[in-house]
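Here the sequence shown stands for residues 138 to 221, where the numbers follow the numbering used here. Here is the structure we will look at, set down as structure tokens.
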Amino acid sequence: MKISTEAFASIKGKSGIYAISHISSGKVYIGSSKNLLKRWMQHKALLKKGTHHSWKLQADWNAYGENSFDIFILEEVEKHSDLC
138 MKISTEAFAS
148 IKGKSGIYAI
158 SHISSGKVYI
168 GSSKNLLKRW
178 MQHKALLKKG
188 THHSWKLQAD
198 WNAYGENSFD
208 IFILEEVEKH
218 SDLC
């Protein structure tokens, strides 16, 4: 399911698997979290500071900016333990 960053806030406290996609290149970063909203906010903060652990994602963010990315929820789970 593709959702806007604003709509992403509606899944506060939910667990699942997500993808951050660079719109023009189609490159995708995939992760999982027990709190999807919190994790997205962590990604954004690190990217804005230029300290994200994925240097490829960071390089694209630096080159193209925040508006060049979409975030997708690939799967929601009831319990974080369902991800493992």
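C-beta atoms are modelled at their ideal positions from N, C-alpha and C, and glycine is treated no differently.
Under the assumption that residue i contacts residue j (Cβ atoms under 8 Å), give the Cβ distance between them as a whole number of angstroms.
i: residue 166; j: residue 191; result: 6 Å
Could you tell me whether the Cβ atoms of residue i and residue j are closer together than 9 Å?
i: residue 171; j: residue 158; result: no
i: residue 174; j: residue 150; result: yes
If you draw a straight line from the alpha carbon of residue i to that of residue j, how long is it in whole angstroms?
i: residue 163; j: residue 209; result: 13 Å
i: residue 198; j: residue 212; result: 24 Å
i: residue 200; j: residue 181; result: 15 Å
i: residue 169; j: residue 147; result: 17 Å
i: residue 205; j: residue 195; result: 12 Å
Which residues in the same chain as residue i place their Cβ atom closer than 6 Å to its Cβ, once the five residues preceding and following it in sequence are excluded?
i: residue 186; result: none
i: residue 218; result: none
i: residue 176; result: 170
By Cβ distance, which residues of its chain are closer than 7 Å to residue i, with the 5 residues on each side in sequence left out?
i: residue 183; result: 189
Kindly say whether residue i, judged by its beta-carbon, lies nearer than 9 Å to any beta-carbon of chain C.
i: residue 175; result: You won't find chain C in this structure, because it holds only one protein chain.
Taking only runs that begin and end inside the region 147-211, name each unbroken alpha helix (DSSP H) of 4 or more residues, in chain order.
The qualifying runs are 173-186 and 192-201.
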